[in-house]
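J.: Protein chains in written order, with the working numbering: chain C, 164 to 305; chain R, 164 to 305.
Note that beta-carbon positions come from the ideal geometry of N, C-alpha and C, so glycine has one too.
Take this structure first; my questions come after.
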DNA sequence: ACTCAAGTTAGACAAAATCTATATTTAGAT
DNA sequence: ATCTAAATATAGATTTTGTCTAACTTGAGT
């Protein structure tokens, strides 16, 4: 499976717990919180303590197999989508969706960025997702 | 002062505590955490409890005068939202800097965004800020 | 089999945010 | 000016999120 591949190329030991964390994230592209991952991993067998989940999220992140995505709520969220992508946040239902990658025109922001050395960027869009857009346009009063 | 203006147009009561929170954020564009705001506000007079600071950050955010900016650490960070802007995060020193606003070309991402209704967006750049770029290129071992 | 380092663990701890119940302030009516 | 209802503020308890510690387990290399 390609997860083994990922571990090998990252020179990271694929322990049962670590594997389970990565497997969950790879199979659930929903930007799970550490707590959700903890519960999911413990539903199946290789039990992992909270500390282990946090430890592994950190080692996976350091190896580049997972990344912590910025989020508005208090709990950190993680993502195993290794392809570059942008994000869309629905302001009505709170869903966070991946947007497939497109480049900014090379000139964009050249002036605004001044002497900074940009190695990466990401666009975060906000608005109404398809589901919410089709629902009640505003719900009047409340 | 323009803050009164802001309160009036948001139909939000400018209580001493609320005013102090907004004033601090407007005067310190550094993406403060709630804790920093709490301490700053209590250095001067109108003392505010922690709960009040959180309450006011939320009411100000709902009124659009302030916004919670996404951040990597665990503590939420806030920004007085008087001008639209992008962000730059230095991957070496962790600084978060504001980048003056520029629009995305209207066609950008049209396909990738599908049927979503975008009402706003923000670009987050990463890399080395001017200070870090000029410092040691990598620092060898560590 | 023995050793050492990496990994895991439970639970204590700390930090960040929210909640609760009460007190205070304010805007508007009288 | 006084009263009342709604909005706001408060201290402290509580919950949620994340980190730390110290003991235990595992496995690769010898």
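Residue 293 (chain R) versus chain C: which residues are under 8 Å apart at the beta carbon?
T.: Result: 277, 278, 279.
J.: Which residues, in order along the stretch 194–226 of chain R, keep a beta-carbon less than 7 Å from a beta-carbon of chain C?
T.: Cβ contacts with chain C come from no residue of the stretch 194–226 of chain R.
J.: Starting from residue 284 (chain C), follow its DSSP beta bridges and name the residues at the other end.
T.: DSSP, once it has assigned bridges, lists R:288 as partnering residue 284 (chain C).
J.: Leaving out five residues before and five after residue 166 (chain R) in sequence, what residues of the same chain have Cβ atoms less than 8 Å from its Cβ?
T.: The answer, listed in chain order, is 177, 182, 185, 186, 189.
J.: Which ranges does the beta strand (DSSP E) cover as unbroken runs of at least 3 residues, wholly within the stretch 189–238 of chain C, from first to last along the chain?
T.: Fully enclosed beta strand (DSSP E) runs of 3 or longer: 230–232.
J.: Have a look at the DSSP bridge pairing and note the partners of residue 260 (chain R).
T.: In DSSP, residue 260 (chain R) forms a bridge with R:251.
J.: Answer yes or no: does any C-beta atom of chain C fall closer than 9 Å to that of residue 241 (chain R)?
T.: With 9 Å as the cut-off, residue 241 (chain R) does not count as an interface residue toward chain C.
J.: Determine which residues share a DSSP beta bridge with residue 170 (chain R) and list them.
T.: None; residue 170 (chain R) has no bridge partner.
J.: Specify the secondary structure class of residue 303 (chain R) as computed by DSSP and reduced to three states.
T.: Residue confidence is low: residue 303 (chain R) scores 38 on pLDDT, short of 50, so the model does not pin down where it sits. Its coordinate-derived value is still stated next. Three-state DSSP puts residue 303 (chain R) in coil, outside helix and strand.
J.: Starting from residue 283 (chain R), find everything on chain C with Cβ-Cβ shorter than 8 Å and list it in chain order.
T.: Per Cβ cutoff of 8 Å: 288, 289, 290.
J.: Whose Cβ in chain R lies nearer than 8 Å to the Cβ of residue 272 (chain C)?
T.: Ordered by position in chain R, the residues that pass the 8 Å Cβ test against residue 272 (chain C) are 249, 262, 265, 286, 288.
J.: Check whether the stretch 268–276 of chain C and the stretch 221–238 of chain C are in contact - that is, three or more C-beta pairs closer than 8 Å.
T.: Cβ pair count under 8 Å is below three, so no.
J.: Using beta-carbon positions only, say whether residue 286 (chain C) and residue 285 (chain R) come within less than 9 Å of one another.
T.: It is a contact, given that the beta carbons lie within the stated cut-off.
J.: Tell me whether residue 240 (chain R) sits in a helix, a strand or coil according to DSSP, three-state version.
T.: Three-state DSSP puts residue 240 (chain R) in a strand.
J.: Checking contacts by CB at 9 Å: is residue 254 (chain C) closer than that to chain R?
T.: Yes, residue 254 (chain C) lies at the interface with chain R (some Cβ there is under 9 Å from its Cβ).
J.: Considering residue 294 (chain R), what are the terminal residues of the alpha helix (DSSP H) in which it resides?
T.: Element bounds for residue 294 (chain R): 293–297.
J.: Straight-line CA distance for residue 288 (chain R) to residue 249 (chain R)?
T.: Cα-Cα distance, rounded: 8 Å.
J.: Shortest alpha-carbon distance to residue 296 (chain C) belongs to which of C:281, C:277, C:258, C:173?
T.: The shortest Cα separation from residue 296 (chain C) among C:281, C:277, C:258, C:173 belongs to C:258.
J.: Is residue 256 (chain C) buried or exposed, if buried means 16 or more other CB atoms sit within 10 Å of its CB?
T.: Label assigned to residue 256 (chain C): exposed.
J.: Here's the rule: buried if 16 or more other CB atoms are within 10 angstroms of the residue's CB, otherwise exposed. What is residue 276 (chain R)?
T.: Buried, since its Cβ has 16 or more Cβ neighbours within 10 Å.
J.: Under 7 Å Cβ-Cβ, which residues of chain R neighbour residue 234 (chain C)?
T.: Those are 233, listed as they occur along chain R.
J.: Does chain R have any CB closer than 9 Å to the CB of residue 192 (chain C)?
T.: It does not: the Cβ of residue 192 (chain C) has no partner Cβ on chain R nearer than 9 Å.
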